[in-house]
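**Q**
Numbering (my numbering), first residue to last: 69 to 282.
#1: Could you tell me the distance, in whole angstroms, from the CA atom of residue 203 to the CA atom of residue 99?
#2: Closer than 6 Å by C-beta to residue 169: which residues in its own chain qualify, once you throw out the five before and the five after it? Chain order, please.
#3: Does residue 73 come out as helix, strand or coil in the three-state DSSP assignment?
#4: Can you say whether residue 226 is buried or exposed, counting buried as having 16 or more other CB atoms within 10 angstroms of its CB?
#5: Answer yes or no: do residue 199 and residue 178 have a C-beta to C-beta separation smaller than 8 Å?
#6: Whose C-alpha, out of 119, 275 and 252, is nearest the C-alpha of residue 150?
#7: If you draw a straight line from the C-alpha of residue 192 to the C-alpha of residue 97, how long is it?
#8: Starting from residue 222, trace the beta strand (DSSP E) both ways and give me its first and last residue.
#9: Count the other CB atoms within 10 Å of the CB of residue 307; is the residue buried (16 or more) or exposed (fewer)?
#10: With 16 as the cutoff for other CB atoms within 10 Å, does residue 164 come out buried or exposed?
#11: What are the start and end residues of the beta strand (DSSP E) that includes residue 268?
#12: Using only alpha-carbon positions, find the residue among 208, 236, 231 and 232 that is nearest to residue 221.
#13: Is DSSP giving residue 26 helix, strand or coil here?
#14: Could you tell me if residue 213 is buried or exposed, where buried requires 16 or more neighbouring beta carbons within 10 angstroms of its beta carbon?
#15: Following the continuous beta strand (DSSP E) through residue 105, name the residue where it begins and the one where it ends.
Rendered as structure tokens:
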């Protein structure tokens, strides 16, 4: 029968909650998802990400007893992305005044669009993937602009067919999930270099958003 060897395992850090009980560095703040702790879980890898399937959750800040009981019976799923960072890759950033959120984007080595964000000067969250693999070239250039009139943030890039594409999120729509990417141009519009060059700007007076590329 196998026996535990003292010192053969090391505790790394607390995964859930808002602090580490042993004062180790803590990078998660899961109370915003009403999750203060979880049961043991099993992990697996899929599509270049690690998924952790936890047991029952410990919830907090919920007044509705029936809702809390349902969440106690819920087994959360967490994931860890494995982006392929590239030196010199394109980076774009913008500010969403409606949510006090600063957002930064990049395209990784497998042509996947990622987003990072910070709310009201808090800790940075992400990177989180918001596209499938191969939507553009590795480290492609990006451009982003905020549509003030309808609280929408857009990020533009050139896809592998030379088309201008856009992903967007809008306050109050589908829990601010990222939409797209959606092609907004013909094939081979931009073939100057892989990933193209582009920029974007918002015109306040006519409430118009423009994207430029070559």
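All residues carry an ideal CB built from backbone N, CA and C; glycine is no exception.
These figures come from a predicted structure and were not determined experimentally.
**A** To lay it out plainly:
#1: 33 Å
#2: 185 and 187
#3: coil
#4: buried
#5: no
#6: 119
#7: 11 Å
#8: 220-226
#9: Residue 307 lies beyond the stretch modelled for the chain, which goes from 69 to 282, so this question has no answer here.
#10: buried
#11: 266-271
#12: 236
#13: Here the chain has residues from 69 to 282 only, and residue 26 is not among them.
#14: buried
#15: 103-106
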